[in-house]
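Heads up: the structure comes next, in structure tokens.
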């Protein structure tokens, strides 16, 4: 019983090594029995190498000591007990060095593990096609998506059989719907476009390209569209995935000589939703494959939805032909929520958490946390958790206490001094010029911008702000604020600058 | 002095949720238990200065998870210095992934991206990610905004560094689990002189235990003074 022997070996090693080393490297090894051998599974190649170099010799010694004449051979492999009922492609590992070839377990695009006789593609062949980053992305143990626990409870987890015996799963999060999305001025265009796409997938808004800073609800909208498409047509094959997953699937398909199944699978979808497309940057083989998938889907009238942290043209290390195609359909920006939307989001989230929160308290949090929705939710979660523990009501004073570390940081970031430094640096000028009496346009505009930001982001009064800008009158500050609001509506450059400042100063 | 050689019997001094001490952190510990018991995917950051017991809790969480049949792994990012960022691949196969010493994450975009993807994969797999850090992630500097926003949105449990009374209770409880009696005045004597981080204190206790057994002596102030050469 090699596995029992491993348990005894663990008892010895636990007392020999410091707890941290033992808990990090030895205890997580999952044991399996194969004939008379003891298979130890490490989560990845690097853990396997580390264990091999530092601990394998000792593991073998302990087994020999405790079971003289009857000790099991030890094999270190990459894999997981959850998905490696059938272990293949492993290499016998000894104390002098370890290496892995192939992979373990099933793959969506390969043959089933029981019949898995697919030889891994030679390293050299892969190397010519796929970058190191791409290979590394794929070296995670495969198919984790398909053996989840808690995810089952919140995702639709639809399985649809498609041609070639490839199973389809949507991975849509059912919590992210249009109903749970809080609409405001900052995201109403993106929401309206998403609704249009959900009602008429494959129509004129194809691809739908949603972009904007982190934590603003792009992923939420994407899931909402997917869920709505499925609600309207339960047979629709919709797949949501992060770009990292697409890369991993592609590399795995190449390794298993199953690239045709890979292509067939992605091209069979009615809607393909890929999140955070910017992580394709620098991964040339994935971009190439995605380019062809993209074209095939578009020609077939199937819907593509992409999210990205920036405008298509601004993505670096991305093929031009892809960037231009991203703009063929509808490109919509999701902007940081304004105060009213932030208040509405907090009220909605509190309601979902079944927590009573006054509008005064919601307003207080919304006023303090301006950067993005995810952080807003994080702050609310912290406040709710503290309220549960102390049994206190959520009042502005209670919030201030609960978020004191976070608020101190935000207040530090958005001092007038910091705003002036950031604005001066952005426009390549000196802070002293913002304080000066000079009134040339090249100085006046940045000064007005800094004043407007100080009004928006700090709690200083107009006279205080005026004072901080070389002793100016409060009416000058008021004029600056109005001017910047007005310019944002007429001048795209000013609008972009303002948004950049908000991002720089609040994230 | 006649010395007796101590018998090297296995002595488990493992970190558990039960032997995590500190009255100040009672609420924090309750929240830790609550999150651990919940079936939802979660990201939680344990924050606190040296000696607050972050590593203790992370290791204890792994034991607790394993006791209920879940798989768990605890990795100190201080060890990441020796490894490439790909060391984080595949870790989502564990239901509980604990990463200690967030501040030691190499200042390298590849590591930040690897942590970002791991974060997503753990949540997608329905698991829990626990992180130990000296300060809330919101106060730390990040190059990758995607990672920053996710870490900032994580639940933060602030742990306070132990006070003298907490450390005394800790020492006495650990001494008792070794069958060793540590009187209060001896404990306070030790605390006035020893380093204050729990790791060093526990090592010191093991040293005293060893000496006590060798010399067949109880722990008294003169004996401790002699052994530690204070």
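Protein chains in written order, with the working numbering: chain A, 62 to 568; chain B, 2 to 231.
All C-beta atoms, glycine included, are put in the ideal place defined by N, C-alpha and C.
Remember, it's a predicted structure, so these values are computed and weren't measured experimentally.
- Per the Cβ contact rule, the stretch 271 to 279 of chain A is not in contact with the stretch 317 to 324 of chain A (fewer than 3 Cβ pairs under 8 Å).
- Uninterrupted beta strand (DSSP E) stretches at least 3 residues long and entirely within the stretch 62 to 108 of chain B occur at 73 to 77 and 97 to 101, given in chain order.
- Assignment of alpha helix (DSSP H) within the stretch 343 to 375 of chain A, counting only whole runs of 4 or more residues, yields 345 to 360 in chain order.
- Secondary structure at residue 432 (chain A): coil, using DSSP grouped into helix, strand and coil.
- Proximity of chain B to residue 439 (chain A) at the Cβ level (cut-off 7 Å) is accounted for by 153, 154 and 155, in chain order.
- In the displayed model, residue 452 (chain A) falls within coil according to three-state DSSP, outside both helix and strand.
- If one requires a minimum length of 4 residues, the alpha helix (DSSP H) runs lying completely within the stretch 394 to 444 of chain A are 400 to 413 and 420 to 429, in chain order.
- Residues are counted here when their Cβ sits less than 8 Å from a Cβ of chain B; for the stretch 313 to 345 of chain A these are 337 and 340, given in chain order.
- For residue 36 (chain B), the enclosing alpha helix (DSSP H) stretches over residues 27 to 38.
- At least one C-beta of chain B is nearer than 9 Å to the C-beta of residue 85 (chain A).
- Counting the other CB atoms within 10 Å of its CB gives residue 56 (chain B) a total of 16 or more, which places it among the buried residues.
- When secondary structure is reduced to three states using DSSP, residue 182 (chain B) falls in the coil class, being assigned neither helix nor strand.
- Residue 336 (chain A) is a Cβ neighbour of residue 368 (chain A), given a cutoff of 9 Å.
- Against chain B, the beta carbon of residue 351 (chain A) has no neighbour under 9 Å; the closest one sits roughly 18 Å away.
- Cβ contact annotation for residue 509 (chain A) (same chain, cutoff 7 Å, sequence separation greater than five): 541, 544 and 545, in chain order.
- Following the DSSP letters along the chain, one finds residue 133 (chain B) inside the beta strand (DSSP E) bounded by residues 129 to 134.
- The three-state secondary structure of residue 547 (chain A), taken from DSSP, is helix.
- Residues of chain B with a Cβ closer than 7 Å to the Cβ of residue 80 (chain A) are, in chain order, 15, 16 and 60.
- Flagged as an interface residue toward chain A: residue 91 (chain B), by a C-beta distance shorter than 9 Å.
- For residue 91 (chain A), at least one C-beta of chain B is nearer than 9 Å to its own C-beta.
- Put simply, the stretch 338 to 346 of chain A does not touch the stretch 153 to 169 of chain B. Fewer than three CB pairs are less than 8 Å apart.
- Spatial neighbours of residue 73 (chain A) in its own chain (CB-CB distance under 6 Å, excluding positions within 5 residues in sequence) are listed in chain order as 123.
- The residue from A:326, A:424 and A:418 with its alpha-carbon nearest to that of residue 230 (chain A) is A:326.
- Per DSSP, residue 317 (chain A) lies in no beta strand (DSSP E) and is assigned neither H nor E.
- Using a CB distance cut-off of 9 Å, residue 105 (chain A) counts as an interface residue toward chain B.
- Neighbours of residue 450 (chain A) across chain B, judged by C-beta separation under 8 Å: 28, 31 and 32.
- Relative to the Cα of residue 106 (chain B), the nearest Cα in the group B:161, B:224, B:75 and B:86 belongs to B:86.
- Within 8 Å of the CB of residue 433 (chain A), the CB atoms of chain B belong to 150, in sequence order along the chain.
- With a minimum length of 4 residues, the unbroken runs of alpha helix (DSSP H) contained wholly in the stretch 254 to 318 of chain A fall at 279 to 293 and 304 to 316.
- When Cβ-Cβ separations below 9 Å define contact, residue 459 (chain A) makes no contact with chain B.
- Shown here, residue 447 (chain A) sits in a helix according to DSSP, grouped into three states.
- It is roughly 18 Å from the alpha-carbon of residue 470 (chain A) to the alpha-carbon of residue 442 (chain A).
- No residue range can be given for residue 339 (chain A), since it is assigned to no alpha helix (DSSP H) and is classified by DSSP as neither H nor E.
- Per DSSP, the continuous beta strand (DSSP E) segment holding residue 43 (chain B) begins and ends at 43 to 48.
- The C-alpha of residue 52 (chain B) lies about 7 Å from the C-alpha of residue 197 (chain B).
- Taking a Cβ-Cβ threshold of 7 Å, the residues of chain A close to residue 118 (chain B) are 305, in chain order.
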